[in-house]
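Report on the structure given below.
In full-length UniProt numbering, the protein residues as written are 1 to 335.
Spelled out as structure tokens, the structure:
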């Protein structure tokens, strides 16, 4: 049997034959107990979400520090391997020598524990809310992993008339991504959060797969629990529709856009070409504050951003075509 100090977590003999004198001796010399002593406080900055930090007296708490470490990793999306870095450990030691940096597995457990606590808080809010919950679904395939993911976000106005946006689930969806499989994963999420009976609507991108997914979802839900028997449950994303409209309009100038896109790729491909591009721009007395950016063909706003940067450099592209015989994608003056 072992006894464990609640301050420094050190293991001591706990058998009755060991007596208690060694326990009393440890309490007298335990550094962590001195730190936890209410009379021993540290004067330091008290950080707040907004405004400048203010000095206040506080006492070191190991559990609080572990929680703040988890929050830092979550908020900034740091890798769990951060706690294994020697530099990070030395930095923590310089701030508080008594803080033992937890292992990667311990941090993982702490994060899952924190998730359970926060999830319980939001579940209580949703269960006690009198209004309905709307959902937005985002589906995509990761380029580096070639895996499909689904993100489900709930939106509702709480009893205090505050708009709430909660990430309900971020899940991996194995192939094939059929409408039936997507509907099953979404329905499981609704059941898990107990909002299948208070669902208002679901907003998705405007495509045939999503139409079929909602059809299967509607069959799983009770019509009596939906507004107008489910006639309003499917909402098509207006931003996605606008994107389709603009992309259709951009087809009229797709040849010019392709030339500009190829030009951006060419002059951003190497540091030497980037330097040459800006040297010519300076020769033509043009501002070089904005760098060429490549668009994402499926997002019209990124194409607009690419054009807004490239068009002021049209004379630069023409001048460079006279200097570089390999550069053949220069847009014409008419384009």
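Don't be surprised by glycine CBs; every beta carbon is placed ideally from N, CA and C.
Q.
Is the separation between the beta-carbon of residue 183 and that of residue 213 shorter than 8 Å?
A. Residue mapping note: residue 183 aligns to position 183 of the chain shown, counting from 1. Residue mapping note: residue 213 aligns to position 213 of the chain shown, counting from 1. Yes, they are a contact pair.
| task | Report back the beta-carbon spacing between residue 66 and residue 127 to the nearest angstrom; my notes put them in contact at under 8 Å. | result | Taking the chain shown and counting its residues from 1, one reaches residue 66 at position 66. Taking the chain shown and counting its residues from 1, one reaches residue 127 at position 127. Going by Cβ atoms, the distance from residue 66 to residue 127 rounds to 29 Å, so no, they are not a contact pair.
(Q) What residue range does the beta strand (DSSP E) around residue 170 cover? (A) As a working note, residue 170 is residue 170 in the chain shown. Per DSSP, residue 170 belongs to the beta strand (DSSP E) from 163-173.
* Using a Cβ-Cβ cut-off of 6 Å (strictly less than) and excluding sequence neighbours within five positions of residue 139, which residues of its own chain qualify? -> As a first step, residue 139 is located in the chain shown; it is residue number 139 there, counting from the start. Excluding sequence positions up to five before and after residue 139, its CB lies within less than 6 Å of the CB of 150, all in the same chain and listed in chain order.
* Taking C-beta to C-beta, are residue 117 and residue 135 nearer than 8 Å? -> Taking the chain shown and counting its residues from 1, one reaches residue 117 at position 117. Taking the chain shown and counting its residues from 1, one reaches residue 135 at position 135. No, they are not a contact pair.
Assuming residue 95 and residue 88 form a contact by the criterion Cβ under 8 Å, report the distance between their Cβ atoms to the nearest whole angstrom.
Stepping through the chain shown from its first residue, residue 95 is reached at position 95. Stepping through the chain shown from its first residue, residue 88 is reached at position 88. Between residue 88 and residue 95 the Cβ distance is about 11 Å, and since that is not below 8 Å, they are no contact.
Checking the sheet assignment: what are the DSSP bridge partners for residue 152? If you number the chain shown from 1, residue 152 lands on position 152. The partner list for residue 152 (beta bridge, DSSP) reads 137 and 169.
TODO: Identify every residue that forms a DSSP beta bridge with residue 4.
DONE: As a position in the chain shown, residue 4 is number 4, starting the count at 1. The partner list for residue 4 (beta bridge, DSSP) reads 11.
By the 10 Å Cβ neighbour count, where 16 or more other Cβ atoms means buried, how is residue 19 classified, buried or exposed?
Numbered from 1 along the chain shown, position 19 holds the residue referred to as residue 19. Residue 19 should be labelled exposed.
| message | As a quick exercise: from 162, 121 and 172, pick the residue whose alpha carbon is nearest that of residue 193. | response | For the purposes of this step, residue 193 is taken as residue 193 along the chain shown, with counting starting at 1. Checked all of 162, 121 and 172; the closest Cα to residue 193 is 121.
Looking at the strands, I want to know which residues DSSP matches up with residue 208. For the purposes of this step, residue 208 is taken as residue 208 along the chain shown, with counting starting at 1. Paired residue(s): none; residue 208 is not in a bridge.
* If we ignore side chains and look at the alpha-carbon of each, how far apart do residue 159 and residue 307 end up? -> Translated into positions along the chain shown, residue 159 becomes position 159. Translated into positions along the chain shown, residue 307 becomes position 307. For residue 159 and residue 307, the gap between their C-alpha atoms comes out near 46 Å.
Exercise. Would the beta-carbon of residue 279 fall within 8 Å of that of residue 329?
Worked result: In the chain shown, residue 279 corresponds to position 279, counting from 1. In the chain shown, residue 329 corresponds to position 329, counting from 1. No; because the gap between Cβ atoms is not below 8 Å, this pair is not in contact.
In whole angstroms, what separates the C-alpha of residue 114 from that of residue 266? Mapped onto the chain shown, residue 114 falls at position 114. Mapped onto the chain shown, residue 266 falls at position 266. Looking at the two C-alpha atoms, the distance is approximately 47 Å.
Taking the alpha-carbon positions, what's the residue 175 to residue 303 distance? In the chain shown, residue 175 corresponds to position 175, counting from 1. In the chain shown, residue 303 corresponds to position 303, counting from 1. Approximately 31 Å, taken between the alpha carbons.
Q) Is residue 16 helix, strand or coil when you go by DSSP? A) In the chain shown, residue 16 corresponds to position 16, counting from 1. Of the three classes helix, strand and coil, the one that applies to residue 16 here is helix, per DSSP.
Exercise for the section: Kindly indicate which three-state DSSP category residue 234 falls into: helix, strand or coil? Expected result: As a first step, residue 234 must be located in the chain shown, where it is residue number 234. Of the three classes helix, strand and coil, the one that applies to residue 234 here is strand, per DSSP.
Using the Cα positions of residue 222 and residue 73, report the straight-line distance between them to the nearest angstrom. Translated into positions along the chain shown, residue 222 becomes position 222. Translated into positions along the chain shown, residue 73 becomes position 73. One C-alpha to the other measures close to 41 Å.
| said: Check for me: the alpha helix (DSSP H) holding residue 128 runs from which residue to which? | reply: Here residue 128 corresponds to residue number 128 of the chain shown, with the count starting at 1. First-last of the alpha helix (DSSP H) with residue 128: 104-128.
To which residues of the same chain is residue 321 closer than 7 Å at the C-beta, ignoring the five residues directly before and after it? Reading the chain shown from its first residue, position 321 is the one you call residue 321. Hits under 7 Å: 327 and 330.
| field | Whole-number beta carbon distance between residue 141 and residue 148, since they are thought to touch under 8 Å | value | Against the chain shown, residue 148 aligns to sequence position 148. Against the chain shown, residue 141 aligns to sequence position 141. Yes, they are in contact, since the Cβ atoms of residue 148 and residue 141 sit about 5 Å apart, within 8 Å.
Residue 242 versus 298, 285 and 155, residue with shortest Cα-Cα distance
Position 242 of the chain shown, counting from 1, holds the residue named residue 242. For the residues 298, 285 and 155, the minimum Cα distance to residue 242 belongs to 298.
Quick check on the DSSP output: the alpha helix (DSSP H) that includes residue 252 runs from which residue to which?
Reading the chain shown from its first residue, position 252 is the one you call residue 252. It is not in any alpha helix (DSSP H) - residue 252 carries neither H nor E in the DSSP assignment.
| field | Presumed contact (8 Å Cβ cut-off) between residue 156 and residue 133, rounded CB distance | value | Here the question's residue 156 lines up with position 156 in the chain shown. Here the question's residue 133 lines up with position 133 in the chain shown. Yes, they are in contact, since the Cβ atoms of residue 156 and residue 133 sit about 4 Å apart, within 8 Å.
Nearest to residue 338 (by Cα), restricted to the options 211, 104, 71 and 323: As shown, the chain starts at 1 and ends at 335. That puts residue 338 outside it, with no answer to give.
Exposed or buried, what is residue 17 when buried is set at 16 or more other beta-carbons lying within 10 Å of its beta-carbon? Here residue 17 refers to the residue found at position 17 of the chain shown. Flag for residue 17 reads exposed.
N-terminal and C-terminal residue of the alpha helix (DSSP H) that residue 61 is part of: Position 61 of the chain shown, counted from the first residue, corresponds to residue 61. It is not in any alpha helix (DSSP H) - residue 61 carries neither H nor E in the DSSP assignment.
Problem - Complete alpha helix (DSSP H) runs within the stretch 256-314 (minimum length 4 residues, chain order) - result: 271-283 and 300-310
* Please go through the same chain and pick out, in chain order, the residues whose beta-carbon is closer than 8 Å to the beta-carbon of residue 315, but skip the five residues on each side of it. => Along the chain shown, read from residue 1 onward, the residue named residue 315 stands at position 315. Once the five neighbours on either side are set aside, the close Cβ partners of residue 315 are 284 and 286.
Restricting to Cα atoms, I'd like to know which of 24, 68, 237 and 281 is closest to residue 99. Counted from its first residue, the chain shown places residue 99 at position 99. The residue with the shortest Cα to Cα distance from residue 99 is 68.
With C-beta atoms as the reference, is residue 200 less than 8 Å away from residue 227? Reading the chain shown from its first residue, position 200 is the one you call residue 200. Reading the chain shown from its first residue, position 227 is the one you call residue 227. Cβ distance < 8 Å, so residue 200 and residue 227 count as in contact.
Same chain, Cβ closer than 7 Å to residue 189, five either side skipped, listed in chain order:
Reading the chain shown from its first residue, position 189 is the one you call residue 189. The residues are 152, 168 and 169.
Worksheet item: Buried or exposed: which applies to residue 70, given that a residue is buried once 16 or more other Cβ atoms fall within 10 Å of its Cβ?
Response: Here the question's residue 70 lines up with position 70 in the chain shown. With 16 or more other Cβ atoms within 10 Å, it is buried.
Fill in: 8 Å contact criterion, which residue 288 and residue 305 should meet: CB distance rounded
Working through the chain shown from its first residue, we reach residue 288 at position 288. Working through the chain shown from its first residue, we reach residue 305 at position 305. In this structure, residue 288 and residue 305 do not form a Cβ contact; the two beta carbons are roughly 17 Å apart against a cut-off of 8 Å.
Of the listed residues 125, 164, 295 and 198, nearest to residue 257 (C-alpha basis) = Counting from 1 along the chain shown, the entry for residue 257 is found at position 257. The shortest C-alpha separation from residue 257 is found at 295.
* Asked: Taking DSSP as the reference, what is the three-state secondary structure of residue 195?
  -> Walking along the chain shown from the start, residue 195 turns up at place 195. Three-state DSSP puts residue 195 in coil, outside helix and strand.
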